[in-house]
Every structure is written in C-alpha cells, then in structure tokens.
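See below for the structure under consideration.
4 protein chains.
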Amino acid sequence: MIGGGQGAFIGAVHRIAAQIDNQYELVCGAFSSNPEKSKASGEELGLSPERVYATYQELFDKEKQLPENERVQVISIVTPNHVHFEPAKLALESGFHVILDKPMTFSLAEALELRGVVERTGKLFCLTHTYTGYPMVKEARQIVASGKLGNIRKVYVEYPQGWLSTFKEGGDNPQLKQASWRTDPKQSGIAGAMGDIGTHAFNLAEYVSGLAVTQINANINVVVEGRQLDDDGAALLKFNNGASGVLFATQVAAGEENNVKIRVYGERGGLEWQQEDENTLKLKWLDRPAEIYRTNGGNYLSSYAQHNSRTPAGHPEGYLEAFANLYRNFALCVKAAMNGEEPQPEWQDYPGVEDGVRGMAFIENVIASGKSDKKWIDFTI
Amino acid sequence: MIGGGQGAFIGAVHRIAAQIDNQYELVCGAFSSNPEKSKASGEELGLSPERVYATYQELFDKEKQLPENERVQVISIVTPNHVHFEPAKLALESGFHVILDKPMTFSLAEALELRGVVERTGKLFCLTHTYTGYPMVKEARQIVASGKLGNIRKVYVEYPQGWLSTFKEGGDNPQLKQASWRTDPKQSGIAGAMGDIGTHAFNLAEYVSGLAVTQINANINVVVEGRQLDDDGAALLKFNNGASGVLFATQVAAGEENNVKIRVYGERGGLEWQQEDENTLKLKWLDRPAEIYRTNGGNYLSSYAQHNSRTPAGHPEGYLEAFANLYRNFALCVKAAMNGEEPQPEWQDYPGVEDGVRGMAFIENVIASGKSDKKWIDFTI
Amino acid sequence: MIGGGQGAFIGAVHRIAAQIDNQYELVCGAFSSNPEKSKASGEELGLSPERVYATYQELFDKEKQLPENERVQVISIVTPNHVHFEPAKLALESGFHVILDKPMTFSLAEALELRGVVERTGKLFCLTHTYTGYPMVKEARQIVASGKLGNIRKVYVEYPQGWLSTFKEGGDNPQLKQASWRTDPKQSGIAGAMGDIGTHAFNLAEYVSGLAVTQINANINVVVEGRQLDDDGAALLKFNNGASGVLFATQVAAGEENNVKIRVYGERGGLEWQQEDENTLKLKWLDRPAEIYRTNGGNYLSSYAQHNSRTPAGHPEGYLEAFANLYRNFALCVKAAMNGEEPQPEWQDYPGVEDGVRGMAFIENVIASGKSDKKWIDFTI
Amino acid sequence: MIGGGQGAFIGAVHRIAAQIDNQYELVCGAFSSNPEKSKASGEELGLSPERVYATYQELFDKEKQLPENERVQVISIVTPNHVHFEPAKLALESGFHVILDKPMTFSLAEALELRGVVERTGKLFCLTHTYTGYPMVKEARQIVASGKLGNIRKVYVEYPQGWLSTFKEGGDNPQLKQASWRTDPKQSGIAGAMGDIGTHAFNLAEYVSGLAVTQINANINVVVEGRQLDDDGAALLKFNNGASGVLFATQVAAGEENNVKIRVYGERGGLEWQQEDENTLKLKWLDRPAEIYRTNGGNYLSSYAQHNSRTPAGHPEGYLEAFANLYRNFALCVKAAMNGEEPQPEWQDYPGVEDGVRGMAFIENVIASGKSDKKWIDFTI
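Protein chains in written order, with UniProt numbering: chain V, 1 to 381; chain W, 1 to 381; chain F, 1 to 381; chain E, 1 to 381.
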C-alpha cells in the first residue's frame with residue numbers, strides 16, 4: 001500500500017475492503033511521504049519493519065527483487081490526487097498490478113499516459129469507483145443492458161454532501177485534513193467537488209446507463225468564501241444515443257451525508273437507486289406496479305448482482321462490502337491471470353483505466369464548461 | 001365555474017376543493033364551449049337550468065344583473081390555457097373575484113395585461129398553484145423566512161411524470177383528451193411540460209425559497225416523436241441573492257407519477273419536501289440530528305402550517321386538502337373584503353396575479369433559453 | 001346530523017366527508033345536548049334556524065312530518081358512544097337511513113338490538129370504520145380474496161397513538177375534551193383505547209383478511225395513573241381458518257400519531273399497508289420481487305380500488321377522502337334503494353351493522369380476556 | 001474456529017467479521033465433524049495443514065501445547081446448537097477465550113453449567129447476538145439509559161422472516177441444509193423459530209430497554225405441515241419495571257427477509273430501529289419534532305455509537321460491520337486482559353454469558369408458555 005498512513009480515512013477503508021474476503025494480505029507499504037510516519041503506521045498495522053519503506057520508489061525497487069512467491073503482487077495506491085500518476089506508473093512498470101483511488105490522476109494528460117502504461121505493461125488495473133460495487137448498482141446496469149426499459153431517454157444523477165458547508169481548510173484533525181487537501185489545487189488538481197464526488201456521479205451515470213456523455217453544459221461554483229476550488233456544481237448532459245440528463249454534485253448541501261442517487265428512464269420504465277437505501281433497487285413501469293429488487297433477493301437477480309453478495313437478503317451489505325467487491329473481483333482476475341485462466345465476466349466487472357480516463361476528461365470538460373460562455377461543450381478526451 | 005364540464009379532470013378537483021370547507025356553493029356555470037355539454041354538465045351537478053349558461057359572456061352578463069345577494073361572487077375558471085385570459089378579464093371587469101387555473105394565460109403579454117386588470121378593478125385573484133397549499137410547504141417557506149437555515153445557497157426542484165411517455169395525442173378517453181390539449185400549441189401555448197408542470201416547480205422554488213430567479217440556462221426537449229410541444233426539460237438557475245439551483249420537469253420519466261419535490265439548502269441547514277410524503281417536512285442540520293416536521297404535529301409549527309390543517313396528526317391530508325386550502329384562504333379574504341375587514345396574513349398566503357406573471361415569464365424565458373445558443377439568459381418580464 | 005357541534009373534531013370530519021363528492025347537503029341538525037350550543041352551531045353552518053333542533057327526538061319528529069322531497073334522508077350520528085344507540089334506533093324507526101360513528105353502541109347488547117332494528121326497518125346503515133375507505137385497503141382485501149397470497153396464515157395489526165401519554169382528563173380545550181369523554185366509562189363504555197382504536201384495528205384485520213376472529217388472549221392496561229379506562233392493550237388472536245395473529249392498540253406510545261398498520265401473510269406472499277403511506281400497498285412474494293401498488297396506479301388495480309379514487313396517481317388521497325368514500329358509497333346505495341335499483345358491489349363495500357356488532361363483541365371479549373386468568377377466551381357474540 | 005466448513009453460512013460471516021478490523025488472524029480450525037471436509041475447508045482457507053484438526057478435542061489438545069506466542073488465543077464456535085456446549089466448555093477449560101454463536105447451548109441446564117465454567121476459568125466469553133453490534137442499536141440503549149424517554153412503558157420487538165414458508169427440510173443445497181438442521185430437534189433443541197430468531201428479538205428487547213422480562217404469555221405454532229419445530233410464535237411480555245410488550249418472531253411471513261425491528265416508548269418519547277434502515281434511529285417526542293439519529297452522524301451521538309462506526313455518515317455500515325463490532329470489542333477486551341489493563345466501557349459492551357443464560361431461559365419459558373393453558377408464566381431461570 002502506498003499512502004493511507006495514520007489518520008487517513010480512505011486508507012483504512014481500502015485495507016478493510018481488501019481483508020473482507022480474505023483475498024489479500026497486507027505485506028508491505030510506504031504509508032506516508034514522512035518516513036517516520038510511514039514506519040509508525042506499518043508497525044501499527046503489524047508489518048515486518050523491513051517491508052515498511054520510506055518511499056514508494058524504494059518499495060518497488062526492493063519488492064521486485066524478492067523471489068516471486070514472496071514479493072507483493074498488487075499495489076494499492078491511496079494517496080492524494082497529485083501522487084497518483086507517478087507511483088501507479090512505476091508500480092505497473094515494476095511488474096505489479098495496481099489498485100488506485102479515484103480520480104485516477106492529477107490531469108487528463110497523465111490519465112492518457114497511464115492508460116498507455118497499462119496497455120504496454122499488460123498489468124491489471126482497478127480504479128475504486130466504489131458505488132459500482134453495490135450489488136443493486138450492478139443489477140441496475142444489467143437491467144438497462146437487457147433492454148427491459150427500452151431505449152434510454154433520461155439520466156439523473158446527484159451527489160449531495162454537506163460537510164464543506166463551512167470553511168474548514170487548514171485545520172488539524174483528520175476530517176479537517178481531508179478538507180485541506182481536497183480543496184487545495186496543488187494536491188487535488190483543477191477541481192474540488194467535481195473531482196472528488198462529481199467523478200463518482202459521472203462514472204455511475206455512464207456505468208448504469210451504458211451510455212457515454214457527449215456534451216456538457218455546466219455551472220460550477222465556489223460557494224464558501226476563501227475556498228480555492230469548486231465546492232458545488234451542476235451540469236446538463238447529452239448522451240451518445242440522444243438521451244439527456246442532469247448531474248449535480250455539491251459539498252455545501254448542509255445536513256446531507258453521502259446520498260448519491262441515480263435515476264434512469266427508458267421508453268418502458270425507469271429505475272432508481274440511492275446509497276441511503278443501498279440494498280434496494282426500484283423498478284418503475286409504465287403500465288404495471290413498481291418492483292423492489294433487493295440484494296440477494298433471489299433467482300430473479302442477474303449473476304452480477306448475485307456474485308457480489310455475501311449475506312442472506314435483509315442483512316444489509318454496506319459501503320465496505322461494495323468496496324470489497326471491487327477488491328475481490330480484481331483479485332479473482334489477478335489469480336486468473338496468474339493461472340493463465342479466462343476470468344468470468346462477473347469478475348471483470350470492476351472499474352478500470354478507461355473509466356479513469358473518462359473521469360479525468362469529465363473533470364477537465366466540466367470545469368472548462370463552467371468557465372465557458374458557450375452553452376454546450378463537446379466532451380473531448 | 002367556467003369550463004370543467006363532463007370528463008374534465010381539473011374541473012372536478014376544483015369543485016371538491018371548493019366544497020371541502022363549506023365556504024362555497026356552486027350556483028352557476030358555463031361548463032363547455034359546447035352549449036349542450038354545458039347544459040348536461042350543469043344538470044349532472046344539480047344546478048338550476050336557468051343558471052347554466054351557453055357561454056361565459058352570457059354568464060357574466062346575466063349574473064351581474066342579479067341582485068347582489070343572489071348573484072355569484074367568485075368565478076372559477078378551469079378551461080384550457082387559451083381560454084384563460086378572456087374570461088378572467090371579463091369576470092374581473094364584471095365585478096367578480098376570480099380563481100384561475102395555472103398557467104395564468106396563453107402568453108406573458110396576456111399575463112401583464114391581466115395584472116393590470118386585477119389592479120384596476122381591485123377584485124381579488126387566485127391562481128391555483130396547488131402545491132403551495134400543503135401545510136408542510138407553507139412551513140418550509142416560513143422556516144426559510146425565519147432565517148433558521150441561514151442564507152440560502154442551493155435550490156433543487158423537480159417534477160417527474162411519466163404519463164406522456166408514449167404518443168397519446170388524438171385519443172378519445174378522458175386521459176387521452178388531457179394529453180391532446182396539453183400538447184397542442186393552439187390550446188396550451190408555446191410550452192408543454194414547461195407550462196404544465198415546469199411552472200409548478202418554478203413557483204414552488206420561488207415560494208419556498210423566498211428568492212427570485214434572475215438567470216436561466218435550459219435544455220428543452222421533445223422526446224416522443226410526433227409531439228408538437230416540449231415534454232421534457234431541465235434548467236440551471238441563478239437567484240437574486242447569488243444562490244444557484246436546478247429545476248427539471250419531465251413527462252417522459254416512465255413509471256413516475258407526480259412526485260414533485262423541493263430541496264433548499266442554506267448555510268446552516270436544509271429542508272426537503274416531496275408530494276409522495278406530503279405531510280412530512282425534513283429539516284437537516286449541519287451539527288445536529290435531522291428533524292421531521294409533520295402536518296398538525298404540534299405547537300412547534302408556524303401559524304401558517306397550523307391554519308392549513310384539518311385533521312389530527314397522522315390522518316393524512318392530501319392533494320384535495322391542499323387545493324382546498326387555496327379555496328378557503330381565498331374565501332376568507334373575499335369575506336373580509338366584503339366586510340371591510342383586514343384579512344389575516346395566513347389567509348392572504350395564496351398564489352396571486354404576480355405568481356401568474358412570473359409563471360408566464362418562466363415559460364417564455366425557459367423556452368427562449370432552450371432555443372438559444374447563449375448559455376445564460378436573463379429572466380425578463 | 002346529531003352531535004358534532006362547535007369544537008367537536010369528528011363532526012367536522014363527517015361534514016367534510018359528506019361534502020367532498022357533492023352527494024349530500026346538510027339540511028338539519030341537533031348538534032349538541034345543549035340547545036343553545038346546537039343553535040349556535042347550526043347558525044355557524046349556515047342552516048335555516050327552523051331546522052336546527054334542540055334534541056334529536058325533536059329532529060326526527062319534525063323532519064318525518066315534512067314532505068318527502070324536503071325532509072332529510074340520511075341521519076349522521078357523531079355523538080359520544082353513550083348517545084349512539086338511542087338516536088340511531090329512533091332514526092331508523094322514523095324512516096331514515098343512518099350513518100353512525102364507531103364504536104357502534106355502548107354495549108354489545110345494544111348492538112344486537114340495533115342490528116334487529118336495522119333488519120326490521122330495512123333502512124340502510126353505515127358505520128364509519130374510516131380505514132376501510134382507503135383505496136389501497138380495499139385493494140388489499142381484494143388481493144386476499146383473490147387467493148393470490150394463498151391460504152392466510154398470519155395477521156398483524158397495530159394502532160399506536162401517543163396523545164394520551166399524559167393525564168389530560170378534565171381539561172377544557174377541544175383536545176382535552178376529547179380526552180375526557182374518551183376515558184370516561186359513562187360516555188365511552190367499558191373500554192378506552194380498545195373501543196376507540198382497538199375496534200378500528202380489529203375491523204381492519206377482519207376486513208382485509210376476510211377472516212373472523214375466534215379466540216382472544218389479551219393483556220389490557222391502564223398505564224397513566226388516575227385514568228379510568230384502558231389506554232393500552234395487546235392481544236394474541238386466532239382466526240376461523242386456523243391462522244393466528246397479533247393486535248395491539250395503545251394511546252401511550254409517546255410520539256406516535258395515528259400510524260395504523262396491517263400486515264397479512266399467506267402461503268405464497270404477504271401484504272402491508274399503513275396510514276403514514278396511505279396510497280401505497282406493498283405486496284411481497286416468496287420467489288419474486290416485491291410490488292408496489294399505488295392508488296389510481298392503473299388497470300392492474302381491482303374495480304374496488306379504482307372506484308374509490310378521485311385524483312391521478314401521485315396526487316395523494318388522504319383521510320378525508322377515505323372517509324368520503326364511505327359517505328359516497330352509502331349515498332350511491334341510498335339512491336339505488338330510492339330508485340329501486342340494484343347497487344353495484346363496489347358501492348356496497350362500506351362497513352355496516354354486522355361490523356358494528358363484531359366490533360362491540362371485540363370490545364367485550366377483549367376486555368373480558370384482559371381481566372381473565374384464562375389464556376384463551378372464545379370470541380362470543 | 002470450530003465448525004463453519006464449506007457451505008456453512010454463518011462460518012463465513014464469522015470469518016469476515018473477524019477480519020474486517022484486522023484484529024484476528026485465522027490460525028487453526030476443526031471445521032467439520034467430517035475430518036476430510038475439515039481438511040478441505042482448512043486448505044481452502046489457506047491454513048497450514050498441521051493446524052487443521054479432525055476434531056475440536058484434538059485442536060484444544062494440540063494448541064494448548066504450543067508456545068504461548070504461537071498458540072491460538074480465541075476460539076470461535078459456529079456449529080449447530082447441539083455442538084455448542086461441549087466445545088465451549090472444553091475451550092474455556094483449555095485456557096482459551098471463546099466466541100460462540102447463539103443460541104448459547106442446547107438447553108438451559110447446559111447454559112447454567114457453561115456460565116459456571118466461564119466464571120471458574122476467568123476466560124472471556126462472547127455470544128454473537130449480532131443486532132446489538134449496530135451503532136444505532138447501541139445508541140438506542142444509551143438513550144433509554146440516559147432517561148431521556150422517561151420511565152419505559154412499552155417494548156415492541158419483532159423478527160419476521162419468510163424463508164421457511166414451505167417445507168424445505170431434507171434438501172441438499174446450502175440453504176436447504178440450513179433449513180434441515182434448524183428444524184431438527186436433535187440439532188436445534190426444543191425450539192425452532194424461537195431459538196433461531198426469537199432469542200435475537202428477546203435479547204434486543206432487553207438490551208435496548210435495559211429491562212428484564214418477568215412474565216410471558218405465548219402462542220407458539222408449527223405452521224408448515226410436517227415440520228418438527230415451531231416456525232412461528234408471538235408472546236405478550238411483562239417487564240421488571242411494570243412495562244409491558246409484545247414480541248413476535250416468525251419464519252412463515254412469506255416475502256419477508258430479516259427485518260428485525262424494535263420500538264420502545266417511555267413517558268416522554270419513543271424510539272424505533274429496524275434492520276432494513278440499519279443506520280437510522282428514529283426518536284419521537286411528545287411535544288416536539290421527531291429526530292433522526294444516524295450512524296456517525298456527529299457529536300450528538302454517544303461514545304458507544306461513535307466507537308462502533310468506521311465510515312463517514314451516509315456510507316452505510318451493514319450486518320457484517322455490526323458483527324465485526326462484536327469481534328473487535330471482544331478483541332480489545334482480550335488484549336486489555338492480556339496486558340493487565342482495564343478495558344473501556346465501550347469495549348465491554350458485547351453480549352456475554354449472562355445474555356446466553358437469559359436467551360436459553362427465554363427458549364424454555366416461551367416454549368413452556370406455548371404449551372401451557374396458564375395465561376402468564378413467570379420467567380424463571
């Protein structure tokens with residue numbers, strides 16, 4: 001693991017996600033740009049001191065010299081955005097498979113370069129767009145793909161948060177540190193809310209609908225005085241099949257938690273999923289009663305939804321299980337690759353480098369649109 | 001009553017709304033442009049045949065000649081949009097108070113002229129934006145006005161319907177007739193969905209937030225092939241205090257009923273109301289638990305919410321009661337006017353001619369924006 | 001109308017319910033045992049003074065002497081329980097149809113006698129168990145009757161209220177007066193909560209399940225010190241087909257409103273309805289997704305549900321509309337009777353004298369069980 | 001780990017729960033009464049073959065001979081009920097701490113004996129009543145304990161399932177095997193539903209309310225023909241402070257998943273929690289708006305709720321995290337014991353041997369009541 005030292009929220013989440021299904025063992029790490037903090041974190045996590053490294057460069061260097069059956073196989077990178085590209089590239093080039101936190105890179109240019117590295121090295125790559133790991137989100141995608149809703153006409157996606165309603169930058173407790181780097185253009189890139197949660201919403205919209213955004217018309221705001229990056233935005237969208245939609249993501253919806261939600265409507269029906277009721281997928285129909293699909297609800301579910309559940313219906317599977325689904329599917333594919341076997345399609349259903357490229361393109365396009373007087377800008381990569 | 005003959009949905013709703021609180025008696029009508037249908041409708045409603053008129057002109061003519069204590073006092077107009085302005089103007093000029101279905105007129109020009117007539121005649125005027133009649137919507141407005149949420153930053157309003165997901169125009173049953181006139185530019189004006197439900201969403205946004213829209217950036221669509229007017233649209237909004245927002249209204253969200261919903265966020269908290277849970281207002285706060293306000297829930301509610309309830313908490317008050325609140329408040333103001341008394345502020349809280357003017361301006365501005373290449377257009381009246 | 005003078009909650013509800021569908025006109029009344037209050041109430045309601053009577057005896061006497069086309073046709077009785085039987089009996093014997101508030105009488109003996117009067121006079125009789133007027137409750141009954149759920153195994157019904165959590169008896173505002181008579185054995189009979197809301201729960205259970213309770217095992221409590229009648233109770237139930245169930249009704253569930261709820265399970269599925277989501281009926285199935293039936297949701301609904309709706313799906317119909325459904329169906333049957341026509345089965349689906357007899361038997365049996373050391377007592381009439 | 005071999009649902013759950021917080025490492029096991037299956041299971045789980053044992057006796061024997069820093073410290077027992085007591089006793093007596101699946105033993109007599117063993121050995125003991133591991137259930141208990149609701153008057157608890165609505169015994173797939181042993185008196189003991197889920201409901205009621213059941217009046221049923229043990233039951237309850245309540249648990253509520261739910265009402269307010277909305281606790285008040293407490297919602301939460309959360313509010317924590325909370329708290333106490341430190345009160349808040357004794361007493365008392373003609377039986381241990 002690169003990053004995720006003491007006090008880092010997402011590092012702990014990655015470690016839990018990796019452990020849930022017993023597919024990974026944490027064997028080494030460079031947990032912080034501060035070597036002492038890295039060491040302390042490694043110790044706390046029970047690692048052998050000799051495999052806690054001062055830098056990621058050192059980690060790759062040393063690990064690749066270990067015998068094949070001892071060295072680390074998968075590198076998980078959970079640093080702030082500006083430290084995504086370099087370690088990811090180096091890891092891939094050092095022969096490791098990579099799991100990387102979103103957004104993929106600091107810029108679209110880096111993203112495109114990283115895509116090239118992935119292609120060139122042939123290593124596997126996973127980007128942790130967690131929400132696509134929920135069984136009912138997977139089911140939603142399968143239902144759209146099945147054609148049951150007919151041709152898709154509308155996609156509404158939203159991600160309201162309230163935690164940045166006040167100016168918290170510069171503070172020292174863990175939540176305030178989150179606020180600091182996520183609003184700092186040097187660490188986050190050109191986008192704040194759009195990069196942090198807008199990319200999740202965008203990815204969810206394309207994942208579930210199976211469509212690609214082709215045009216964007218956005219309003220991007222810095223609502224809280226003194227903030228350096230956007231904390232709010234909304235965009236009208238057009239998709240490659242002629243459908244249209246609305247995306248909004250905000251960090252100043254005071255009182256909101258993380259209720260990411262998606263609705264997709266086709267000619268014959270629609271579907272709705274939201275994280276606050278994570279194990280429910282509502283299907284609505286033109287001429288018959290709405291239906292409630294449920295995680296592990298039965299044989300009516302697709303193999304994708306079934307494969308990504310663990311507990312009997314009604315025992316809620318939450319965010320960590322969704323995250324673990326990404327880790328598990330990636331592990332199954334890594335093992336298949338190591339064994340020269342063909343992975344099942346359900347295993348391959350995790351976000352990859354192409355999602356990362358599109359996510360970075362979203363950031364650049366939505367920010368460009370926000371600054372532009374032009375009504376619609378083409379979604380370009 | 002003008003319009004609302006046999007088979008007209010909204011005429012029946014107006015009649016029930018008027019009757020619920022025993023403040024009105026239906027005494028006369030011109031229920032249809034077809035005199036025979038008018039006659040039959042009047043008979044079915046138990047009116048004296050001599051007060052069922054062939055035309056609204058005849059109705060005003062004859063009624064104003066009746067002795068003051070016999071003649072009708074309030075004219076309710078429930079015709080399609082293209083027959084709003086003329087009868088409303090004539091009714092006011094004939095000395096009657098007027099209740100008019102929304103949108104107020106066929107065009108903004110008519111709306112401005114009607115506003116002049118209302119001002120000149122001094123007669124009272126109510127526009128039936130029903131959703132503002134719900135007790136919890138009134139409470140929402142009062143909470144924003146109280147400053148409890150702090151300065152308002154975001155307004156999200158939506159009105160998804162699915163009933164026009166297919167081409168129904170030209171059919172003959174009541175629902176299909178609804179579809180026909182509402183999608184016919186000769187009867188509805190320049191807008192379909194934006195006029196029919198977009199105006200409701202717009203009115204709700206301004207009513208609850210207490211703000212005025214100043215700029216619009218809209219995407220307006222005709223989704224169903226062959227349809228003459230828009231059946232779908234979305235708009236980014238800017239408000240006069242610097243807040244921004246999103247409005248969408250669609251009639252092609254297959255499977256949706258009429259779940260109009262509004263969310264407003266300020267510096268310290270937010271609120272959420274939707275018609276599917278009409279007696280609940282959710283208040284969310286930055287630093288304490290969310291609260292659930294309920295219709296008739298107790299003394300914590302404002303006088304506005306309390307005044308507009310009838311039944312003990314938990315006995316749901318629905319759409320017809322919200323509609324009846326408009327009728328009742330208008331009646332209380334009419335009586336106060338007749339008695340030369342000052343109406344209470346709670347009674348005066350019904351939509352009036354200014355809401356109508358702004359609603360028509362919304363239609364013209366949102367349609368103009370939809371057709372424009374300009375990103376933002378000023379909201380002009 | 002008998003009873004329902006100024007300040008009486010349920011009288012106003014009955015009047016609204018009667019007016020909603022324009023099937024009734026309030027023409028006369030004896031609104032209070034206090035003649036002056038009756039007079040004042042009648043004036044407030046806009047009645048001719050000569051048809052506001054000092055006593056119900058006088059009302060029946062005078063009204064039956066009026067010409068047939070002038071006299072009142074239906075008597076609505078909304079007095080406290082101890083003044084149900086006498087006016088109802090006298091009204092029926094005077095040739096009027098009767099609508100009576102629940103519970104039907106002061107005692108089971110009275111109920112049985114009243115049943116005889118109804119049978120003997122041939123007049124129509126309606127008991128206002130409001131909850132059976134909801135479209136989705138009617139749908140629930142039809143679904144059970146259709147056999148779709150298979151043989152019924154479990155019935156759970158509950159009615160939690162919190163308004164009597166403190167001792168309010170003896171106070172003088174309208175709500176406190178409600179508390180006073182409803183907890184006074186001289187006015188309410190042998191039961192408090194069991195009579196006031198337990199009967200509703202019991203009626204709902206038998207109405208929806210189509211079954212009859214055969215045995216009761218109850219725990220009845222007076223929770224608030226000083227109260228004279230039960231304010232809380234629960235009962236285990238056995239039904240005539242071998243099913244079992246649980247009923248509870250309480251007025252000391254602090255913070256609860258009136259969220260009456262029923263769940264019924266058969267071999268193949270179950271259903272759930274509650275007043276807080278009044279226009280939704282959830283159907284759950286053993287081997288396929290749950291379904292959401294909605295008021296006016298479409299042709300998949302039974303004729304019973306469709307007949308009892310007024311507004312397009314998603315415009316909520318509430319408590320007053322449910323109440324109005326009882327009044328309207330009764331009116332349709334009264335008219336059919338007057339015209340010598342056969343009423344439609346949907347019209348006849350309102351609670352009648354048999355429901356009243358069973359409700360009074362429930363009160364006597366559940367109170368007897370509460371006092372008994374015997375585990376199960378037979379439900380006897 | 002004892003039990004939990006291939007195909008066993010609850011074994012996998014225990015393993016995930018143990019791994020989530022990185023507090024445990026699976027080092028040895030006797031996974032099945034069939035030595036070959038045990039071996040295969042251990043291999044699948046990646047254990048060293050020499051620490052996969054044919055029997056639990058062998059496991060304890062061999063492990064206790066290992067050096068202290070190598071041997072297993074905590075034994076997790078996830079066998080069917082009839083194989084709880086012996087391995088738990090032997091584990092404790094062999095010097096290991098024990099985590100045991102509920103219900104604790106096969107009979108109350110065994111439970112009492114096991115309590116003696118725990119006391120005598122001084123080893124730590126955890127019983128996995130999972131639902132008490134949810135942060136919002138912990139909060140509920142703290143709120144009752146704080147006195148905010150006033151003296152408790154009513155406790156309603158329910159656990160509806162539908163999975164045994166048909167006769168599944170004897171089948172061979174994993175779910176059918178579950179059905180087989182859970183309905184087999186030789187493996188499950190005297191109770192089916194009451195032991196499997198009734199004990200959960202009972203434990204939840206006592207845990208949240210802080211009260212003890214003193215009397216039971218139960219109706220216990222075998223609904224599905226041919227079944228050997230109860231699959232349904234309901235009980236009226238009395239508590240040691242004079243409160244009363246209702247408990248029901250059923251496995252024949254067709255279409256229900258595992259929506260265990262509890263409501264507790266005191267003089268001033270009530271609370272409600274259910275597993276289908278696991279991260280929400282509703283607080284209802286006599287005279288002010290209801291409040292929504294949320295997992296990780298903020299500083300308004302007790303230290304108990306905060307300690308048992310991992311992810312920012314709105315990222316749902318589900319069943320496995322609730323389960324993991326038991327494991328983690330137990331680990332923290334084990335470590336404290338090993339270090340001779342005083343555990344924090346939040347760590348000690350896991351179900352223990354006393355809960356197990358009361359759970360077994362519940363089974364014996366509720367089944368006795370079900371068979372008895374006596375209305376109330378004292379809750380005896």
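We put the CB at the ideal spot given by N, CA and C, even for glycine.
Predicted, not measured: the structure shown is a model, and the values here were computed from it.
Taken atom to atom, the span from the alpha-carbon of Asp231/W to that of Thr130/W is near 21 Å.
Ser244/F: member of the beta strand (DSSP E) spanning Ser244 to Thr250, first to last residue. CA-to-CA, the gap between Asp184/W and Ala193/W works out to about 11 Å. Here Thr311/V really is in contact with Asn296/V; their C-beta atoms are around 7 Å apart, less than 8 Å. Inclusion of Lys148/E and Tyr265/E in the CB contact set at 7 Å is not warranted, their separation being larger than that value. Rounded to the nearest whole angstrom, the CA to CA distance from Glu119/F to Ser107/F is 19 Å. The three-state reading of DSSP puts Tyr304/V in helix, counting H, G and I together. Under the Cβ distance rule, Pro289/V counts among the residues neighbouring chain F, one pair being separated by less than 7 Å.
The shortest C-alpha to C-alpha distance from His97/V to any of Leu229/V, Ile20/V, Cys126/V and Ser41/V is the one to Cys126/V. Pairing Ala324/F with Ala17/F, the inter-Cα distance amounts to about 4 Å. Identification of chain W residues near Ile377/E by a Cβ-Cβ cut-off of 9 Å yields none; the smallest Cβ-Cβ distance measures about 36 Å. At a beta-carbon threshold of 7 Å, the residues of chain V lying near Ser244/W are Asn219 and Asn221, ordered along the chain.
Cβ proximity to chain V below 8 Å picks out Arg310, Thr311, Pro312, Ala313, Gly314, His315, Pro316, Glu317, Gly318, Tyr319, Leu320 and Glu321 from the stretch 300-330 of chain E.
Using a Cβ distance threshold of 7 Å, Glu278/F and Pro135/W do not count as a contacting pair. Straight-line measurement puts the Cα of Asp196/V at about 22 Å from the Cα of Ser33/V. No Cβ of chain F is located within less than 7 Å of the beta carbon of Leu211/E. If you check the CB distance, Asn219/W and Ala234/W come in under 7 Å. With fewer than 16 other beta carbons inside 10 angstroms of its own, Ser48/W counts as exposed. DSSP places Ile75/V outside any alpha helix (DSSP H); the residue lies instead in the beta strand (DSSP E), whose first and last residues are Val74 to Ile77. Around the C-beta of Gly370/F, 16 or more other C-beta atoms lie within 10 Å, and the residue is accordingly described as buried.
Of all alpha-carbon atoms in Glu43/V, Phe60/V, Met360/V and Ile190/V, the one lying nearest the alpha-carbon of Ile77/V is that of Phe60/V. Rounded to whole angstroms, the separation of the alpha carbons of Val252/W and Asn259/F is 34 Å. Uninterrupted alpha helix (DSSP H) stretches at least 4 residues long and entirely within the stretch 226-280 of chain V do not occur. The C-beta of Ser146/F has fewer than 16 other C-beta atoms within 10 Å across all chains shown, which makes the residue exposed. Interface flag for Tyr293/W against chain E is set, since a Cβ pair is found closer than 7 Å. Pro87/F: not part of any beta strand (DSSP E); member of the alpha helix (DSSP H) spanning Phe85 to Glu93, first to last residue. Listed in chain order, the non-local C-beta contacts of Ile20/E below 7 Å within the same chain comprise Leu320, Glu321 and Ala324, local neighbours out to five positions each way being set aside. Taking 7 Å as the CB threshold, Asp21/W stays off the interface with chain V. With respect to the C-alpha of Ser209/W, the residue from Val223/W, Asn151/W and Gly170/W having the closest C-alpha is Asn151/W. Taking a contact as a CB-CB distance under 8 Å, the pair Leu286/F and Gly162/E counts as one, their CB atoms being some 6 Å apart. Using a CB distance cut-off of 7 Å, Lys284/V counts as an interface residue toward chain W. Between Tyr350/V and chain W, the shortest Cβ-Cβ separation is not below 7 Å. Straight-line spacing of the CA atoms in Phe9/E and Lys168/E works out to 17 Å. Under the 7 Å criterion on CB atoms, Arg182/E is classed as non-interfacial with respect to chain F.
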